[in-house]
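First comes the structure, then the notes that go with it.
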Amino acid sequence: MEEQKPPAARKSRLIVRLGSFLVSHSAFVSVICCVAGCIALLLLPVLAKNTYVSENALMPGSANPMFSNQDVLEANRFVKDIYEKRILKDGSGMEIARLIGKHMEDVGAEVYYHKFKYRNLRFHPLCFFSSTPRTAVLQNSSACTLNGVSPVGIIRAPRGDGKESVVLVTPYNSENIKLNEALSLGLAYSVFSLLSRVVWLAKDIVWLAADSRYGEYTSVASWLKDYHNPTFSSDSGKIGIEMCFEKTENHVEDESSFDGAAYDDFKRAGTMAAALVVKVTDKERSERDRVDIYAEASNGQMPNLDLINIVHYLAVHRQGLHVRVGTFGFLLNSALLKHVGKTLQRLTRLAESLNPGWKLGVNSADFVEGTATLASSMYYQALGVPTGPHGAFRDFQIDAITMELSPRTSLTNDNGISSFLLRGGRLIEGVIRSVNNLLEKFHQSFFLYFLTAPNKFVSVGVYMIAFALLVAPLPMVAAALFSSTANARSLTAVSNSKPTNSKPVTRSGSWNWLHSAKLVFLVHLWALIVSLLPYFISQVPRTNSTTNMLSWSLSSLLILYLLTRLTKSYVEGYQWEVLKSVMIAAASIGLSLMSIINFSTAQVGSILLVPMCLMVRPLKQPIQVPFFPAALLKILNILLAVVAFPPASLAILKGCLRGFESINIGDFWEWSEFLWVWNSATYLFVALVHLPCWYLCVHILLHN
Amino acid sequence: MTKLRRRFNPTVFLLIIFFFNSVLRPALALVEGGEGLEEEFTEELLLKPLPDRKVLAHFHFQSSAPPSIANGRHHRLFPKAIAQLARKFQIRELELSFTQGRWNYERWGGFDPMSAANAKPPGVELWAAFDLPLNEIDHTWKNLTHALSGLFCASINFLESSAAYSAPSWGFHSNSSKLRYGALPREAVCTENLTPWLKLLPCRDKTGIALLLNRPSIYRSHYHSQRLRLIASEFTGIILEQALTVVLQPTMRSNSLASSGYGFLQPSWSISSLFGKEVVGQCVLAKTSRIFFELEKDLAFKVDKLQPLSSWNTSAFELSGIPNSNIRELNAVKNLGSSVLYVFEVSNSNDHIPLDVGIRWKIPLVWSCPHAPFHMNRYLMGSGNERGSIAISLRSTHLHERFSKASDGCAVHAVIFQVVPWYVKVYYHTLHIFLDGKTQIISDVVRKMKISPSEDKLSPGSMELLLRFPCNIQSATLTLDFDKGFLHIDEYPPDANQGFDIPSALVTFPDFNCSRSYQLDDSIHYKSPLLSKFQEGNPVQTYTEVLLVPLTTPDFSMPYNVITFTCTVLALYFGSMLNVLRRRAGEEERLERTKASEKPGLIPLLLSKLSSKLKIKGKEPESSPSLSTSSSILGPKLLTKVMLVGLLAVIWNYYLKNG
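Put into structure tokens, the structure is as follows:
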């Protein structure tokens, strides 16, 4: 923290002068910065650039697709086979797994069945950011049906050296298979069988038909965990996979060719270069076959932009598919946004008329759509929860995306489905071929970006500006507050007493902030305890979210009361200005730290946190400004204090999205449970940065 | 020597010449007439159908030269380049292999002489044993790598640096301290390596079996390994084995593909369909020229069950072309069947009667190749750019059960030899061994171990382990932790972002020797080098996969930024440093006073005015609220100034545009 030089020093260095100038005009500068930050955030859709394939080696679409109608027929046959198995009553899951495995083997792939046991994701307070335990021994269980079984096939590249692989994942629910899942399996199978015949393979191809009966993410994550850890098939080998097949197996298999142990053996295929999760959905129809791309992984990590680029390029320019990324639909109809868009359009036209060289070309409709997409991209990154099974790959630094294909016709329309499968197959083939061309891993393009359209992105260099502008006033205001109180104190000290004993007074004044720091520390300690409380509350059996939430808040209040009572004597004698400056310093440190872990969380958090921190002042303290601004300030303070309370802000958000009657007391509990289950750092941010800051703000508001 | 020669008078010299002529000439002639000491060349080809509908073709060319004292520097058949190489570097044994693709131990067999000797790791592998004093070996190795690199158009010279090769003591082949081993997993293999290799053959690829080496068909293969092995000694002379192993996929007819179910008919093929060429006569310089057609043990057993395998036309298959003879393997275990070799003599063929060995299957058959006692896998564990682990896992194929029903005392030995480059810093103390998923005390399993840790930028780490397992284990896993090192920016190879390779580890099972002895017919009265090679056998060995370790890489595209940043920091540092050193407070004040007395220029005046204004504001804020300061800073004077500047800028812009 910069300390202002005593005014007695006649001349000082330029940088110090500049600093002191900024500090002395902190109020004005902070208002400018905040407004500029918000405007920069709003302008992000305008500043978005078109994406381009950065890595030359990818060469998307340079080869003619080999996926033909023959492959579509094969896919259709496979879909029919699988869909028929649905009628079987018991053990149909095993039957489907076996059928997939059989087909994989017939195209010449190495096959094994990955068994995993469903383990409920549980909150463990110290597990954030820590890697998974190393030796994972599969747990024994007596029945095959309790475990998920995912067949995995590996095509070894004919002339490849087996160092790298490309992974294709198709989740399906083995217990209750739907037609769309069967279609995705059929699509993957036809691509897989095509890839087993092609000559250009340089990387091994792994097809994981993930059994998603316990969730798509779980099966993929457990497979990846086993892939990167030693697996001992013999532990679970007492019930090897052949036992599971025993009941249904009546084939006259050749003894030597059926080696049950081989199906249990976990096979690997080198370092994964990229992974594609392929799903077929039938949610909403559009006039064209559509691909939805999901890319957000845990804690706002994104796959390399090139992966999205090649999918987009191939889908749009080769297969004529409609590509979509996540969008907030409700923002598309927002009147406010439309208005902002129109204003911007007018402004840019004005600018262009002034100087025809500026080609800004802002279109109101584009702006609204870009904002809606950007908001969704930012929201999912800020939430820190993966948007699909691809998130599991990112934890191992593998670039992965989920492609959700949806046909324009109904799933039962044979003709529509055939052309849809042809396009989808060619798209997947093209993407795999591009990744196969890749000599190095993905590194050319961006990793930190927001999408504002499938082919538009905002890179880190641009979106950082908004955050930097928002956070910049914090240290400045803290310094201004601190220096102003120090000056005031020394001034009063000088006026009251002789100059000889002014020194000890100023010293006590300069150490004055310690009292406030103690309080701030205490509040942060309280927040830490509060953040750990859910772990203990969740141990209590048979509770619902409402009671959990109530007990959480009650125990937090109790702890707060106890803490303040116990440490009453330590935390007295502070000024609210100093307290505010220490709080702001803590908040700025928290925000900067969070921006490293998950930028979007910090960005979203700063929009709420920064105005609240900057504006807060005791309600009872009179201000020497005209009545109207003072009243406005007070109202804004109260409003922010209400809105920034995490459960309240969640409730408001939910109310806006789904109507206010859906708000429930347990909502916040459910939300935080959701966050910690996914190890999201957002939970830590809310509990350790936002909550103490909010409490301190309320404390200052009620200061007298 | 010169002195001696000077003393000799011409008569003595003549006498010596006469002596040489009269005594040694007949001796030399005798030697040349002898059977064993003539230069020889043989060419052989072995064809074998593989269980996964592929075909293995193994070309074996062998040239031998008698000890060099016998015939001086001249060679009739033997390639001179190799002879010079062997002589110059005093090579006792050398093996160089160029391989593309991976040998599939599970499907193509891991327990036969073919796989044990010819399955090689991808890329280039070179090892050589020298007959030199220890201190000269490293130097000679460097020269050898350069010589070979020039000879075979490959970047073998990268093995020159001491960080690239290792000196195994007992884990690799023999117990020798004079052996050097190096591997380049990333080396691409292509025709440019094959052409110099073919030049070593007396007939090149013009006639004989080598005629089949049609480049497109060879390089379309699933596995392709080109090998050169040199054995030299003073007594036997130099023997050069050149072997080329390819695994080809015969083109399938579509109807066989469509037939579903387990009964796939194997594809029928012949030499002409595989290579696009036929054998038309042997290389005239070759002593023997044969084509073998091998039926795997298991396959022969299954065919035997249908109909005793004696002729070339059985109910299971039909060979195109009539073999000259067939040989059966002598096998101790009768009920497992024995492999069959059909022998075709190339010498019988010519332009009009080309030899086109092939097979036509009549019924679908499924068989399997003999497996090594353990299937090997090596993989990386963990994620992130900091550390990871290498795991080597062995999965039992239950081979021992076939020989002897599991007895408690039985044990299998395995030797693991692994070289790890220095930038993957392996902590050898973290070696963990799991047998059937249970951790073992290392001393219980490891019988012998030699570890030489890596030295940064100097030598790779190498590990030789002799392990002893009980026979009845299902799986064994070894794990080793490592840290990923940082390289200097100029040590990164091209395409550094791909990651770095850890060469294949070699696992040898010394208990198992895969030799095959054949009951030789009378018709083969002369010996075949290929069959004698099979008879000799060697211990079963398996190469593991090459691993790819992603290391942290700098952003190579940003040296400019780095330079700019560094320069900025340096400039700032030096500027402030100079300022601190140069400035004197008293001096400054004196200067100021003298300056004040002088009439200041326009710009300093403006600046000083501005700064004084700012300073006034700096003192104010505690007395007046911020709003008033902001209004004072946006005073009419400043505002007009700003607007003036803005207006000027706009006018300037327009003026420029119009101009």
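From first to last, the protein sequence lines are chains G and F.
The numbers in the working numbering rise by one with no breaks, and the one at position 663 of the first sequence is 822.
The numbers in the working numbering rise by one with no breaks, and the one at position 290 of the second sequence is 1367.
Ideal Cβ positions, reconstructed from N, Cα and C, are used throughout, including at glycine.
All values reported here derive from a predicted model rather than from experimental measurement.
Requested in this report: Determine, using beta carbons only, whether Leu513 of chain G comes closer than 9 Å to chain F.
Outcome: yes
Report task. Return no unless some Cβ of chain F is closer than 9 Å to the Cβ of Thr723 of chain G. Result -> no
Query raised in the report: Considering only C-alpha positions, which residue in the set G:Pro781, G:Val328, G:Leu778 and G:Trp853 is nearest to Gly547 of chain G?
Result: For Gly547 of chain G, the nearest C-alpha among the options comes from G:Val328.
Report task. Please work out which residues of its chain come closer than 8 Å, Cβ to Cβ, to His1448 of chain F, disregarding the five sequence neighbours upstream and downstream, and give them in chain order. Result -> Tyr1182, Glu1183, Gly1186, Gly1187, Phe1188, Thr1474 and Leu1476
Query raised in the report: So with Cβ pairs under 9 Å, would you call His602 of chain G a contact of chain F?
Result: In terms of beta-carbon proximity, His602 of chain G lines the interface with chain F, with at least one pair separated by less than 9 Å.
Query raised in the report: Shorter than 9 Å from the beta carbon of Pro1627 of chain F to some beta carbon of chain G?
Result: yes
Requested in this report: Determine the direct distance from the alpha carbon of Trp359 of chain G to that of Thr532 of chain G, and round the result to whole angstroms.
Outcome: 37 Å
Query - Cα-Cα separation between Ser1298 of chain F and Ile314 of chain G, rounded to whole angstroms - result: So the two alpha carbons sit approximately 16 Å from each other.
Requested in this report: Entirely within the segment 314-359 of chain G and at least 4 residues each: give me those alpha helix (DSSP H) ranges in chain order.
Outcome: With a minimum length of 4 residues, the continuous alpha helix (DSSP H) runs that stay inside the segment 314-359 of chain G are 338-354.
Requested in this report: Kindly indicate which three-state DSSP category Gln478 of chain G falls into: helix, strand or coil?
Outcome: If DSSP states are grouped into helix, strand and coil, Gln478 of chain G belongs with coil.
Query raised in the report: Thinking C-beta only, is Tyr539 of chain G closer than 9 Å to Glu455 of chain G?
Result: yes
Report task. Could you list which residues in chain G have their beta carbon closer than 8 Å to that of Phe1511 of chain F, in chain order? Result -> Pro389 and Phe391
**Report entry** Contact list for Asp1572 of chain F against chain G, beta-carbon separation under 7 Å
**Finding:** Leu598 and Glu599
Requested in this report: Have a look at Phe1451 of chain F and Ala1240 of chain F and give me their C-alpha separation to the nearest angstrom.
Outcome: Ala1240 of chain F has its alpha-carbon roughly 31 Å from the corresponding atom of Phe1451 of chain F.
Query raised in the report: Looking at C-alpha atoms only, which residue of G:Val590, G:Leu768 and G:Val836 is the closest neighbour of Cys856 of chain G?
Result: Nearest option by C-alpha distance: G:Leu768.
Requested in this report: For Ala1468 of chain F, return the contacting residues in chain G, with the cut-off set at a CB-CB distance below 7 Å.
Outcome: Pro389
Query raised in the report: At what residue ranges does the segment 1476-1547 of chain F contain a whole run of the beta strand (DSSP E), taking only runs of 3 or more?
Result: 1488-1497, 1501-1512, 1515-1517, 1523-1529 and 1538-1547
Report task. Measuring only between beta-carbons, confirm whether Tyr1300 of chain F sits less than 9 Å from chain G. Result -> yes
Query raised in the report: What separation, rounded to the nearest whole angstrom, lies between the Cα atoms of Gly396 of chain G and Asp1513 of chain F?
Result: The predicted position of Gly396 of chain G is uncertain, since its pLDDT is 43 and thus under 50; a value taken from the coordinates is nonetheless stated next. Taking the straight line joining both Cα atoms gives about 10 Å.
Requested in this report: State yes or no: is the C-beta of Asp451 of chain G within less than 9 Å of the C-beta of Ser569 of chain G?
Outcome: no
Query - Residue nearest to Arg505 of chain G in terms of C-alpha spacing, selected from G:Leu466, G:Leu519, G:Asn492 and G:Ser493 - result: Here the closest residue by C-alpha is G:Leu519.
**Report entry** Ordered list of alpha helix (DSSP H) runs contained in the segment 573-640 of chain G, each at least 4 residues
**Finding:** For the segment 573-640 of chain G, whole alpha helix (DSSP H) runs of length 4 or above, ordered along the chain, are 573-596 and 619-630.
Report task. In the DSSP assignment, find the unbroken alpha helix (DSSP H) run with Arg1667 of chain F in it and report its ends. Result -> Ala1662 to Ser1674
Requested in this report: Closer than 9 Å, Cβ to Cβ, to anything on chain F: give me those residues from the segment 257-273 of chain G, in chain order.
Outcome: Cβ contacts with chain F: Asp265, Gly267 and Glu269.
Query - Secondary structure of Ile824 of chain G, DSSP reduced to three states - result: coil
Query raised in the report: Where does Lys1686 of chain F land, buried or exposed, given buried means 16+ other C-beta within 10 angstroms?
Result: exposed
Query raised in the report: Glu446 of chain G CB to nearest chain F CB: under 9 Å?
Result: no
Query raised in the report: How would you call Glu1117 of chain F, buried or exposed, if buried means at least 16 neighbouring beta carbons within 10 angstroms?
Result: Classification of Glu1117 of chain F: buried, given that the 10 Å Cβ count is 16 or more.
Query raised in the report: Which of helix, strand or coil does DSSP assign to Ile255 of chain G?
Result: helix
Query raised in the report: Phe555 of chain G CB to nearest chain F CB: under 9 Å?
Result: yes
Requested in this report: Below 8 Å on the Cβ atoms is my guess for Pro1631 of chain F versus Ile1566 of chain F; work out the distance and round it to an integer in Å.
Outcome: 6 Å
Query raised in the report: Hey, would you say the C-beta of Glu1117 of chain F is under 8 Å away from at least one heavy atom of the ligand SAM?
Result: The ligand SAM is not among the ligands present in this structure, which contains no ligands whatsoever.
Query raised in the report: Who are Arg567 of chain G's beta bridge partners in DSSP?
Result: Answer is none; Arg567 of chain G lacks a bridge partner.
Query raised in the report: In whole angstroms, what separates the C-alpha of Phe1546 of chain F from that of Trp1274 of chain F?
Result: 41 Å
Requested in this report: Just grab the DSSP bridge partners of Ser1620 of chain F for me.
Outcome: Residue identity differs from the one stated: residue 1620 of chain F is Tyr in this sequence, not Ser. Per DSSP, F:Leu1583.
**Report entry** Local conformation of Met753 of chain G per DSSP, three classes
**Finding:** helix
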